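In my numbering, the protein residues as written are 25 to 123.
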Amino acid sequence: MPKFVVSLRLPDAFDGAFINLIPQHRTFINQLFADKMVEVYAIISNRSRGWVTMNGDDSAVVQAVIEQFPLYPYLHGVEIDELFIFDSASSRFPPISLN
């Protein structure tokens, strides 16, 4: 299944409505992790940008899921790119121990 990286821009300031949606958003993201649709979810320390690595049949499927994010109405500049290579330490087999 193809992998995609989604780049997000968050608002400059978080109002009460945004903050109130965070628990619902995290629950949704956690469900996507459980469903193996999301592999990586990252927000930089100044909370202005984020990246999500997702699995999906095509970019339209990924876009449809992103649009379900509770925080989607607050996101700016959402970009979806299909990955050619995705490699990480966590996706590798653990080292073999002969003990």
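Ideal placement from N, C-alpha and C gives every residue a C-beta, glycine not left out. Please read these numbers as outputs of a predicted model, since none were measured by experiment.
Original post:
How would you write the range of the alpha helix (DSSP H) that S83 sits in, first residue to last?
Top reply: Note, S83: alpha helix (DSSP H), 83-90.
**OP:** Grab me the residues of D105's own chain with a C-beta within less than 7 Å of its C-beta, minus the 5 sequence neighbours each way, in chain order.
**Re:** Spatial neighbours of D105 in its own chain (CB-CB distance under 7 Å, excluding positions within 5 residues in sequence) are listed in chain order as F28, V29.
Original post:
Nearest to M25 by CA position, among S112, V86, V102, E91, is which residue?
Top reply: A check of alpha carbon separations from M25 across S112, V86, V102, E91 identifies V86 as the nearest.
Subject >> C-beta contact flag for F52 and P94 at 8 Å >> reply: Going by C-beta atoms, F52 is nearer than 8 Å to P94.
Subject >> Heavy atom of the ligand PLP within 7 Å of H100 beta-carbon >> reply: The model on display carries no ligand, and the ligand PLP is accordingly not part of it.
**OP:** Could you pull the start and end residues of the alpha helix (DSSP H) that N70 belongs to?
**Re:** Run containing N70: none; DSSP gives neither H nor E here.
Subject >> Nonlocal neighbours in the same chain, by C-beta distance under 8 Å from S83, ignoring five residues either side >> reply: Excluding positions up to five away in sequence, the list reads F28, I104, E106.
**OP:** Tell me whether F42 sits in a helix, a strand or coil according to DSSP, three-state version.
**Re:** DSSP, reduced to helix, strand and coil, places F42 within a helical segment of the structure shown.
Subject >> Backbone CA spacing between I120 and V102 [nearest angstrom] >> reply: The alpha-carbon atoms of I120 and V102 are separated by roughly 40 Å.
**OP:** Would you list the residues sitting across from A66 in a DSSP beta bridge?
**Re:** DSSP output for A66 lists W75 as bridge partner(s).
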